[in-house]
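There are 2 protein chains.
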Amino acid sequence: MNSFKEENYLKAIYQLGVIDKENVVGATDLANWLALKPPTVLEKLNSLVTKGLINYNKTDGAILTKKGYEIAINIVRRHRIWETYLYRQLNFSWSEVHEIAEQLEHVNSDKLIDKIYSILGNPEFDPHGDPIPNKRGVLPKSDRRPLSRSVKGCKCVVLGVSHDNEAFLNYLSDLKIALNDKLTVEQIISYDESIRLLNQKKESIIISAKAAEQLLVACLKPNCECKTAN
Amino acid sequence: MNSFKEENYLKAIYQLGVIDKENVVGATDLANWLALKPPTVLEKLNSLVTKGLINYNKTDGAILTKKGYEIAINIVRRHRIWETYLYRQLNFSWSEVHEIAEQLEHVNSDKLIDKIYSILGNPEFDPHGDPIPNKRGVLPKSDRRPLSRSVKGCKCVVLGVSHDNEAFLNYLSDLKIALNDKLTVEQIISYDESIRLLNQKKESIIISAKAAEQLLVACLKPNCECKTAN
DNA sequence: TTTTATTATTAGGATACCCTAACAATTTGT
DNA sequence: ACAAATTGTTAGGGTATCCTAATAATAAAA
Numbered sequence: 290m291n292s293f294k295e296e297n298y299l300k301a302i303y304q305l306g307v308i309d310k311e312n313v314v315g316a317t318d319l320a321n322w323l324a325l326k327p328p329t330v331l332e333k334l335n336s337l338v339t340k341g342l343i344n345y346n347k348t349d350g351a352i353l354t355k356k357g358y359e360i361a362i363n364i365v366r367r368h369r370i371w372e373t374y375l376y377r378q379l380n381f382s383w384s385e386v387h388e389i390a391e392q393l394e395h396v397n398s399d400k401l402i403d404k405i406y407s408i409l410g411n412p413e414f415d416p417h418g419d420p421i422p423n424k425r426g427v428l429p430k431s432d433r434r435p436l437s438r439s440v441k442g443c444k445c446v447v448l449g450v451s452h453d454n455e456a457f458l459n460y461l462s463d464l465k466i467a468l469n470d471k472l473t474v475e476q477i478i479s480y481d482e483s484i485r486l487l488n489q490k491k492e493s494i495i496i497s498a499k500a501a502e503q504l505l506v507a508c509l510k511p512n513c514e515c516k517t518a519n
Numbered sequence: 290m291n292s293f294k295e296e297n298y299l300k301a302i303y304q305l306g307v308i309d310k311e312n313v314v315g316a317t318d319l320a321n322w323l324a325l326k327p328p329t330v331l332e333k334l335n336s337l338v339t340k341g342l343i344n345y346n347k348t349d350g351a352i353l354t355k356k357g358y359e360i361a362i363n364i365v366r367r368h369r370i371w372e373t374y375l376y377r378q379l380n381f382s383w384s385e386v387h388e389i390a391e392q393l394e395h396v397n398s399d400k401l402i403d404k405i406y407s408i409l410g411n412p413e414f415d416p417h418g419d420p421i422p423n424k425r426g427v428l429p430k431s432d433r434r435p436l437s438r439s440v441k442g443c444k445c446v447v448l449g450v451s452h453d454n455e456a457f458l459n460y461l462s463d464l465k466i467a468l469n470d471k472l473t474v475e476q477i478i479s480y481d482e483s484i485r486l487l488n489q490k491k492e493s494i495i496i497s498a499k500a501a502e503q504l505l506v507a508c509l510k511p512n513c514e515c516k517t518a519n
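For the record, the sequence lines run as chains A and B. Quick note, the numbering used here runs 289 ahead of the 1-based positions in the first sequence. Quick note, the numbering used here runs 289 ahead of the 1-based positions in the second sequence.
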């Protein structure tokens with residue numbers, strides 16, 4: 290909890306690095322992201338360099354070292370696990386979970402995180418569909434993603450569910466959705482974010498937004514728009 | 290989460306005030322309690338005075354104002370609710386809960402606390418038998434206490450349970466313990482902290498440590514040692 | 001290519017927290 | 001009552017964060 294600030298810097302560097310894959314993470318970007326001024330950020334960046342948590346220079350910007358990455362990915366992990374816990378176990382809405390998780394992610398207890406992660410059934414994605422790194426900091430394979438992150442027209446294959454849950458598996462079998470089924474997204478109903486699908490027998494299936502978050506798929510078309518849309 | 294330090298000072302002033310009812314809460318006491326040096330504490334005390342959260346002078350020491358008390362009791366409330374949640378819902382042991390609750394108590398979300406408090410069934414005491422202030426900061430009536438806080442020989446009357454829980458009520462009826470029963474503590478079994486009681490019919494009852502925490506009683510003897518022992 | 005706009009960086013200052021050293025004020029014990 | 005021990009306070013520093021203002025370095029645009 291003392292490393293609050295430091296953790297937030299490392300997380301920000303990680304996040305900006307992911308968003309801006311080609312671009313460098315500069316001091317000004319970070320300052321805007323963290324609602325601080327460039328000199329403040331620069332000062333901290335220098336101290337992070339001294340601690341061996343990042344490398345920094347004008348041309349490449351800030352890049353996490355192995356040590357810095359491990360801290361950053363762990364904060365991301367905690368954040369996404371708490372978001373999932375708040376959403377699924379404590380009935381918070383999507384819009385509420387982020388702010389509370391911003392605080393909870395800094396609570397330093399591996400045992401606590403392990404416990405709630407296990408209660409949730411070791412999910413691979415949080416309620417927003419973002420991947421949850423495992424304990425070793427490894428993200429679930431990236432072309433595997435929740436169905437909820439689809440665009441209209443996408444043809445995809447069912448690869449699994451985001452976490453263990455018998456009720457959900459029963460729901461799927463009621464909808465006649467099984468592993469390796471190939472589905473086409475016919476319509477995304479904006480009212481409640483539910484999705485209308487077509488299965489291989491050309492049958493129409495409507496799946497709820499909640500279920501779509503838990504159902505993991507992969508696009509079948511090589512250049513599917515889903516990849517660029519998310 | 291920014292008021293981390295401030296919250297800890299106010300909590301400490303509250304706690305030392307409770308422990309040392311007749312004595313003043315001096316700068317040195319606080320420094321020892323918080324593992325800081327007196328000048329550091331004094332500096333902060335002055336700032337708390339400026340903010341109107343405490344009154345302070347050499348002879349009376351630090352005394353919380355209404356505003357300061359409200360913050361302090363709220364932190365105590367959060368701490369005890371989290372301890373209870375960690376113990377009961379996440380299966381942490383007594384010895385583990387305190388340290389984690391020290392961090393969680395500073396997470397600022399009334400909705401989160403309300404939620405877990407309600408999931409727990411609005412308990413009046415935490416796993417250590419400490420009273421949980423209600424939302425308005427009022428502590429449960431103090432002569433009502435968990436049976437677990439008894440000394441050998443104590444004669445007491447059953448007043449209720451610390452929180453709603455059907456399984457527990459069934460357990461009590463199995464043991465033939467009912468509201469307003471008068472019980473005598475015959476023995477506290479040090480091995481597992483379970484308690485051997487005698488009811489009015491001179492029947493011997495053994496109650497587990499866990500149940501003893503949830504069963505609320507009041508001493509019948511005016512000068513019962515329970516009061517001074519806790 | 002030169003002017004303009006955008007970063008990066010340095011200088012200097014403010015506040016929050018913590019500390020040691022030195023001294024003042026109070027108790028305490030005898 | 002008076003020396004000894006225990007607080008309370010002031011003075012003076014140190015580090016971490018954060019800021020504004022000014023300057024250097026770069027990139028973008030005309």
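All C-beta atoms, glycine included, are put in the ideal place defined by N, C-alpha and C.
Kindly indicate the opening and closing residues of the alpha helix (DSSP H) around residue i.
i: A:Tyr-345; result: That residue, A:Tyr-345, is in no alpha helix (DSSP H); its beta strand (DSSP E) goes 343 to 346.
i: A:Ile-408; result: 399 to 408
i: A:Ser-483; result: Run containing A:Ser-483: none in the alpha helix (DSSP H); it sits in the beta strand (DSSP E), 483 to 487.
i: B:Ser-384; result: 383 to 393
i: A:Leu-319; result: 316 to 323
i: A:Val-313; result: Neither: A:Val-313 is in no alpha helix (DSSP H) and is coded neither H nor E.
Nearest to residue i by CA position, among the options, is which residue?
i: B:Val-363; options: B:Cys-515, B:Leu-299, B:Ala-501 and B:Ala-320; result: In the sequence on display, residue 363 of chain B carries Asn and not Val. With distances taken between Cα atoms, B:Asn-363 lies closest to B:Leu-299.
i: A:Asp-463; options: A:Val-450, A:Lys-471, A:Asp-481 and A:Ile-494; result: A:Ile-494
i: A:Gly-449; options: A:Ile-302, A:Cys-443, A:Val-440 and A:Leu-461; result: A:Leu-461
i: A:Ala-265; options: A:Tyr-480, A:Ala-456 and A:Val-307; result: The requested residue 265 of chain A does not occur in the structure, where chain A is confined to residues 290 to 519.
i: A:Asn-469; options: A:Asn-488, A:Tyr-376, A:Asn-459 and A:Ile-302; result: A:Asn-488
i: B:Ala-301; options: B:Thr-348, B:Leu-353 and B:Pro-328; result: B:Leu-353
i: A:Asn-423; options: A:Ile-308, A:Asp-399, A:Lys-347 and A:Ala-390; result: A:Asp-399
i: B:Phe-414; options: B:Phe-381, B:His-395, B:Leu-458 and B:Arg-369; result: B:Arg-369
i: A:Pro-420; options: A:Asp-318, A:Asn-321 and A:Gln-503; result: A:Gln-503
i: B:Gly-341; options: B:Glu-295, B:Glu-388 and B:Leu-319; result: B:Glu-295
i: A:Tyr-345; options: A:Ala-316, A:Ala-361 and A:Glu-482; result: A:Ala-316
i: B:Pro-429; options: B:Ser-439, B:Gly-418 and B:Ser-437; result: B:Gly-418
i: A:Asn-454; options: A:Leu-401, A:Arg-377 and A:Cys-443; result: A:Arg-377
i: B:Pro-416; options: B:Glu-385, B:Val-314 and B:Gly-442; result: B:Glu-385
i: A:Leu-325; options: A:Gln-304, A:Asn-297 and A:Thr-348; result: A:Asn-297
i: A:Pro-511; options: A:Cys-443, A:Glu-359 and A:Gly-350; result: A:Cys-443
i: B:Tyr-351; options: B:Val-365, B:Leu-331, B:Arg-367 and B:Glu-359; result: Reading off the sequence, residue 351 of chain B comes out as Ala, not Tyr. Cα-wise, what sits closest to B:Ala-351 is B:Leu-331.
i: B:Leu-303; options: B:Glu-359, B:Ser-292, B:Lys-333 and B:Ser-336; result: Reading the sequence as shown, one finds Tyr at residue 303 of chain B and not Leu. Looking at the Cα atoms, B:Glu-359 is the closest of the given residues.
i: A:Glu-514; options: A:Ser-439, A:Gly-357 and A:Ile-308; result: A:Ser-439
i: B:Phe-381; options: A:Gly-357, A:Leu-401, A:Asp-349 and A:Phe-293; result: A:Leu-401
i: A:Lys-441; options: A:Leu-379, A:Leu-486, A:Leu-334 and A:Gln-392; result: A:Leu-486
i: B:Gly-426; options: B:Gln-392, B:Lys-355 and B:Thr-473; result: B:Lys-355
My output table needs one value for residue i: the three-state DSSP class, helix, strand or coil.
i: A:Ile-466; result: coil
i: B:Gly-357; result: helix
i: A:Gly-426; result: coil
i: B:Pro-416; result: coil
i: B:Arg-367; result: helix
i: A:Arg-434; result: strand
i: B:Ile-352; result: strand
i: A:Ser-304; result: Note that residue 304 of chain A is Gln in the sequence shown, not Ser. Residue state, collapsed to three classes: helix.
i: A:Asn-297; result: helix
i: A:Cys-515; result: helix
The beta strand (DSSP E) with residue i in it runs from where to where?
i: B:Thr-473; result: 471 to 478
i: A:Lys-444; result: 444 to 450
i: B:Ala-507; result: 504 to 508
i: A:Ser-336; result: Careful: A:Ser-336 lies outside any beta strand (DSSP E), inside the alpha helix (DSSP H) at 327 to 339.
i: B:Ile-496; result: 493 to 496
In angstroms with no decimal places, state the Cα-to-Cα distance between residue i and residue j.
i: A:Ile-343; j: A:Asn-411; result: 30 Å
i: A:Asn-252; j: A:Pro-327; result: Because chain A here runs from 290 to 519, residue 252 of chain A falls outside it and cannot be looked at.
i: B:Ala-467; j: B:Val-447; result: 7 Å
i: B:His-452; j: B:Leu-409; result: 7 Å
i: A:Leu-319; j: A:Ala-361; result: 15 Å
i: B:Ser-483; j: B:Asn-459; result: 18 Å
i: A:Trp-383; j: A:Tyr-480; result: 16 Å
i: B:Gly-246; j: B:Val-313; result: Because chain B here runs from 290 to 519, residue 246 of chain B falls outside it and cannot be looked at.
i: A:Lys-490; j: A:Lys-471; result: 10 Å
i: A:Glu-394; j: B:Ile-496; result: 39 Å
i: A:Arg-367; j: A:Ile-478; result: 32 Å
i: B:Leu-337; j: B:Asn-397; result: 20 Å
Original post:
Between the segment 363 to 376 of chain A and the segment 403 to 416 of chain A, are three or more C-beta pairs nearer than 8 Å?
Top reply: yes
Original post:
Would you say the segment 501 to 508 of chain A touches the segment 427 to 436 of chain A, given that touching needs at least three Cβ pairs under 8 Å?
Top reply: yes
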